[in-house]
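The block underneath contains the structure these notes are about, expressed in C-alpha coordinates.
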Amino acid sequence: LILAWADVNGLAGDAAAAVLTALSCVTLGRILAGIVPTLWLKAGIVAMAIVDSILVFGNQLQAPNAVLNAAVPTPGAPQLQYLDLHYASIGYGDVFVAGVLGGVLALERRPQWPAAALVLACSVMWDLLFFHYDTLPATVPVAAALVILETRRLWASRPRRGAYTAS
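Here this note's numbering is used: the first residue of the sequence shown is 1, the next is one more, and so on.
Okay, here's the thing in C-alpha coordinates:
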(Lines of atoms letter the chains of each structure in order from A; the text may use other names.)
(Lines give C-alpha, C1' and ligand atoms only; values in the text may rest on other atoms or scores of the structure.)
Protein backbone atom coordinates (compact mmCIF):
# COMPACT_ATOMS: atom_id res chain seq x y z
CA LEU A 1 0.00 0.00 0.00
CA ILE A 2 2.86 2.34 0.81
CA LEU A 3 4.46 1.79 -2.62
CA ALA A 4 1.10 2.17 -4.38
CA TRP A 5 0.47 5.42 -2.54
CA ALA A 6 4.01 6.80 -2.93
CA ASP A 7 4.24 6.11 -6.67
CA VAL A 8 0.73 6.93 -7.93
CA ASN A 9 0.73 6.77 -11.75
CA GLY A 10 4.23 5.27 -11.78
CA LEU A 11 4.75 1.74 -13.03
CA ALA A 12 5.93 0.41 -9.65
CA GLY A 13 3.02 2.06 -7.84
CA ASP A 14 0.50 0.79 -10.38
CA ALA A 15 1.96 -2.72 -10.09
CA ALA A 16 1.67 -2.55 -6.30
CA ALA A 17 -1.93 -1.34 -6.59
CA ALA A 18 -2.65 -4.18 -9.04
CA VAL A 19 -1.29 -6.71 -6.55
CA LEU A 20 -3.44 -5.24 -3.76
CA THR A 21 -6.53 -5.34 -5.97
CA ALA A 22 -5.84 -8.92 -7.06
CA LEU A 23 -5.28 -10.04 -3.46
CA SER A 24 -8.58 -8.48 -2.43
CA CYS A 25 -10.30 -10.49 -5.18
CA VAL A 26 -8.61 -13.69 -3.99
CA THR A 27 -9.82 -13.03 -0.46
CA LEU A 28 -13.37 -12.18 -1.52
CA GLY A 29 -13.50 -15.14 -3.90
CA ARG A 30 -12.53 -17.58 -1.15
CA ILE A 31 -15.00 -16.05 1.32
CA LEU A 32 -17.78 -16.23 -1.26
CA ALA A 33 -16.90 -19.85 -2.08
CA GLY A 34 -17.33 -20.70 1.60
CA ILE A 35 -20.82 -19.18 1.69
CA VAL A 36 -22.43 -19.89 -1.70
CA PRO A 37 -22.84 -23.40 -3.17
CA THR A 38 -20.09 -24.05 -5.72
CA LEU A 39 -22.55 -25.04 -8.44
CA TRP A 40 -24.14 -21.57 -8.22
CA LEU A 41 -20.73 -19.89 -8.32
CA LYS A 42 -19.70 -21.90 -11.38
CA ALA A 43 -22.97 -21.02 -13.11
CA GLY A 44 -22.44 -17.39 -12.07
CA ILE A 45 -18.96 -17.30 -13.61
CA VAL A 46 -20.30 -18.56 -16.94
CA ALA A 47 -23.34 -16.25 -16.78
CA MET A 48 -21.15 -13.24 -15.99
CA ALA A 49 -18.93 -14.03 -18.98
CA ILE A 50 -21.98 -14.21 -21.24
CA VAL A 51 -23.49 -10.96 -19.95
CA ASP A 52 -20.09 -9.25 -19.98
CA SER A 53 -19.58 -10.29 -23.61
CA ILE A 54 -23.00 -8.98 -24.64
CA LEU A 55 -22.34 -5.65 -22.94
CA VAL A 56 -18.77 -5.21 -24.20
CA PHE A 57 -19.39 -6.27 -27.79
CA GLY A 58 -22.61 -4.22 -27.82
CA ASN A 59 -20.59 -1.14 -26.69
CA GLN A 60 -22.84 -0.73 -23.64
CA LEU A 61 -20.22 -1.11 -20.92
CA GLN A 62 -17.46 1.25 -21.99
CA ALA A 63 -19.09 4.53 -20.86
CA PRO A 64 -20.10 3.32 -17.36
CA ASN A 65 -16.71 1.67 -17.00
CA ALA A 66 -14.93 4.92 -17.89
CA VAL A 67 -16.85 6.74 -15.14
CA LEU A 68 -15.94 4.06 -12.58
CA ASN A 69 -12.29 4.06 -13.62
CA ALA A 70 -12.09 7.87 -13.40
CA ALA A 71 -13.28 7.92 -9.78
CA VAL A 72 -10.61 9.14 -7.40
CA PRO A 73 -11.06 8.18 -3.72
CA THR A 74 -8.81 10.98 -2.46
CA PRO A 75 -6.51 13.20 -4.52
CA GLY A 76 -3.13 11.49 -4.70
CA ALA A 77 -4.45 8.11 -3.53
CA PRO A 78 -4.08 4.94 -5.58
CA GLN A 79 -7.10 3.71 -7.52
CA LEU A 80 -7.87 0.16 -6.49
CA GLN A 81 -11.12 -0.27 -8.45
CA TYR A 82 -9.27 -1.52 -11.55
CA LEU A 83 -5.82 -2.69 -12.55
CA ASP A 84 -3.89 -0.32 -14.81
CA LEU A 85 -0.38 -1.00 -16.03
CA HIS A 86 -0.11 1.97 -18.42
CA TYR A 87 -0.86 0.17 -21.71
CA ALA A 88 -3.37 -2.37 -20.42
CA SER A 89 -6.15 -2.24 -17.89
CA ILE A 90 -8.66 -4.67 -16.48
CA GLY A 91 -11.73 -4.02 -14.38
CA TYR A 92 -12.28 -5.17 -10.83
CA GLY A 93 -15.13 -7.46 -11.88
CA ASP A 94 -12.88 -9.30 -14.32
CA VAL A 95 -10.30 -9.95 -11.63
CA PHE A 96 -13.04 -10.82 -9.14
CA VAL A 97 -14.31 -13.62 -11.42
CA ALA A 98 -10.82 -15.14 -11.42
CA GLY A 99 -10.73 -14.85 -7.63
CA VAL A 100 -14.07 -16.66 -7.38
CA LEU A 101 -12.75 -19.48 -9.58
CA GLY A 102 -9.72 -19.74 -7.32
CA GLY A 103 -11.98 -19.81 -4.27
CA VAL A 104 -14.08 -22.60 -5.78
CA LEU A 105 -10.98 -24.64 -6.61
CA ALA A 106 -9.62 -24.10 -3.09
CA LEU A 107 -12.89 -25.18 -1.52
CA GLU A 108 -12.99 -28.30 -3.70
CA ARG A 109 -9.32 -28.95 -2.85
CA ARG A 110 -8.42 -29.06 -6.53
CA PRO A 111 -4.97 -28.01 -7.77
CA GLN A 112 -4.86 -24.32 -8.63
CA TRP A 113 -1.61 -24.01 -10.59
CA PRO A 114 -2.82 -26.12 -13.55
CA ALA A 115 -6.06 -24.12 -13.55
CA ALA A 116 -4.10 -20.86 -13.47
CA ALA A 117 -1.97 -22.05 -16.40
CA LEU A 118 -5.15 -22.97 -18.28
CA VAL A 119 -6.65 -19.51 -17.61
CA LEU A 120 -3.40 -17.95 -18.85
CA ALA A 121 -3.46 -20.07 -22.03
CA CYS A 122 -7.12 -19.19 -22.65
CA SER A 123 -6.33 -15.52 -22.02
CA VAL A 124 -3.46 -15.48 -24.49
CA MET A 125 -5.64 -17.08 -27.17
CA TRP A 126 -8.56 -14.74 -26.36
CA ASP A 127 -6.27 -11.72 -26.48
CA LEU A 128 -5.54 -12.42 -30.13
CA LEU A 129 -8.91 -10.76 -30.70
CA PHE A 130 -7.24 -7.45 -29.78
CA PHE A 131 -6.06 -7.38 -33.39
CA HIS A 132 -9.70 -6.71 -34.28
CA TYR A 133 -11.29 -5.22 -31.11
CA ASP A 134 -10.10 -2.50 -28.74
CA THR A 135 -11.96 -3.84 -25.71
CA LEU A 136 -12.54 -7.45 -24.69
CA PRO A 137 -14.35 -8.99 -21.72
CA ALA A 138 -11.69 -10.61 -19.55
CA THR A 139 -14.27 -12.85 -17.87
CA VAL A 140 -14.48 -15.11 -20.94
CA PRO A 141 -11.07 -16.85 -20.54
CA VAL A 142 -11.87 -17.62 -16.89
CA ALA A 143 -15.27 -19.08 -17.85
CA ALA A 144 -13.70 -21.04 -20.71
CA ALA A 145 -11.10 -22.50 -18.35
CA LEU A 146 -13.86 -23.42 -15.88
CA VAL A 147 -15.84 -25.20 -18.61
CA ILE A 148 -12.71 -27.09 -19.71
CA LEU A 149 -11.88 -28.08 -16.12
CA GLU A 150 -15.43 -29.23 -15.39
CA THR A 151 -15.66 -31.17 -18.66
CA ARG A 152 -12.37 -32.89 -17.90
CA ARG A 153 -13.48 -33.72 -14.36
CA LEU A 154 -16.80 -35.15 -15.56
CA TRP A 155 -15.09 -37.07 -18.35
CA ALA A 156 -12.60 -38.62 -15.90
CA SER A 157 -15.33 -39.62 -13.43
CA ARG A 158 -17.64 -41.29 -15.95
CA PRO A 159 -17.89 -45.09 -15.86
CA ARG A 160 -15.61 -46.79 -18.36
CA ARG A 161 -17.13 -48.82 -21.13
CA GLY A 162 -16.46 -52.50 -20.76
CA ALA A 163 -15.34 -52.11 -17.17
CA TYR A 164 -16.28 -55.03 -14.99
CA THR A 165 -17.90 -54.53 -11.64
CA ALA A 166 -17.82 -57.01 -8.83
CA SER A 167 -21.16 -58.08 -7.45
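All residues carry an ideal CB built from backbone N, CA and C; glycine is no exception.
In three-state terms, what does DSSP make of tyrosine 92? Helix.
Who are the near neighbours of leucine 1 in its chain, counting only those whose CB is closer than 7 Å to its CB and skipping five residues on each side? Leu20
Give every residue of the same chain whose Cβ lies closer than 7 Å to the Cβ of valine 97, excluding the five residues on either side of it in the sequence, and list them in chain order. Ile45, Met48, Thr139 and Val142
Cutoff 7 Å; reference leucine 28; Cβ partners in own chain excluding five residues on either side: Phe96 and Gly99
Can you give me the Cβ contacts of valine 26 inside the same chain, cut-off strictly under 8 Å, excluding the 5 residues immediately before and after it? Gly99, Gly102 and Gly103
Endpoints, the beta strand (DSSP E) within which aspartate 84 is located: 82 to 84
Determine the DSSP secondary structure at glutamine 62, reduced to helix, strand or coil. If DSSP states are grouped into helix, strand and coil, glutamine 62 belongs with the helices.
So proline 137 packs on serine 53, CB below 8 Å; how close in whole Å? 5 Å
Would you tell me roughly how many angstroms separate the C-alpha atoms of alanine 106 and valine 72, rounded to the nearest one? CA-CA distance, alanine 106 to valine 72, rounds to 34 Å.
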